[in-house]
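Here's the structure we're looking at; comments come further down.
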Amino acid sequence: MIEKKSVIERAWVDSDDAPEWADDVFERAEVREDDRIIRPASGTLTKRGRPKLENPKQQVTIRLDSDLVELLRATGPGWQSRINELLRKAVKV
Numbered sequence: 059m060i061e062k063k064s065v066i067e068r069a070w071v072d073s074d075d076a077p078e079w080a081d082d083v084f085e086r087a088e089v090r091e092d093d094r095i096i097r098p099a100s101g102t103l104t105k106r107g108r109p110k111l112e113n114p115k116q117q118v119t120i121r122l123d124s125d126l127v128e129l130l131r132a133t134g135p136g137w138q139s140r141i142n143e144l145l146r147k148a149v150k151v
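My numbering puts the first residue of the sequence shown at 59, with every later residue one more than the last.
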């Protein structure tokens, strides 16, 4: 029978590869003593994702003539944004 190791050795990690911790990270961090929270966290370490837009575009579905869609698609990438520009000009916004 094959004998298994009872202890798994972890790979060595060079501490010089770790990023530096800035003071503001510690100021925002949660402080605990055992299971008791002494000071809750005051923010996140990093903000994920894109920033929110002030006026985000709204997704809609419209029906257009196929020849018109082909003509606009033929203009290349960004054709949907160009439709937005054309509509703004048409209604004078």
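All residues carry an ideal CB built from backbone N, CA and C; glycine is no exception. Just so it is clear, the structure is predicted and the values come from calculations on it, not from any experiment.
What residue range is occupied by the uninterrupted beta strand (DSSP E) comprising residue i?
i	result
residue 89	89-91
residue 141	First-last for residue 141: 137-148, but that is the alpha helix (DSSP H), not the beta strand (DSSP E).
residue 94	94-97
Less than 8 Å between the C-beta atoms of residue i and residue j, yes or no?
i	j	result
residue 90	residue 101	no
Using only CA atoms, which one of the options lies nearest to residue i?
i	options	result
residue 99	88, 114, 115, 108	88
residue 157	138, 130, 84, 93	No answer is possible for residue 157: the residues shown for the chain start at 59 and end at 151.
residue 127	107, 141, 92	141
Would you kindly report the start and end of the unbroken alpha helix (DSSP H) that includes residue i?
i	result
residue 131	124-131
residue 86	81-86
Would the C-beta of residue i count as close to the ligand COA, meaning under 7 Å from any of its heavy atoms?
i	result
residue 77	The ligand COA is absent from the structure shown, which contains no ligands of any kind.
Which same chain residues end up closer than 7 Å to residue i when comparing Cβ atoms and leaving out the 5 residues on each side of it in sequence?
i	result
residue 80	none
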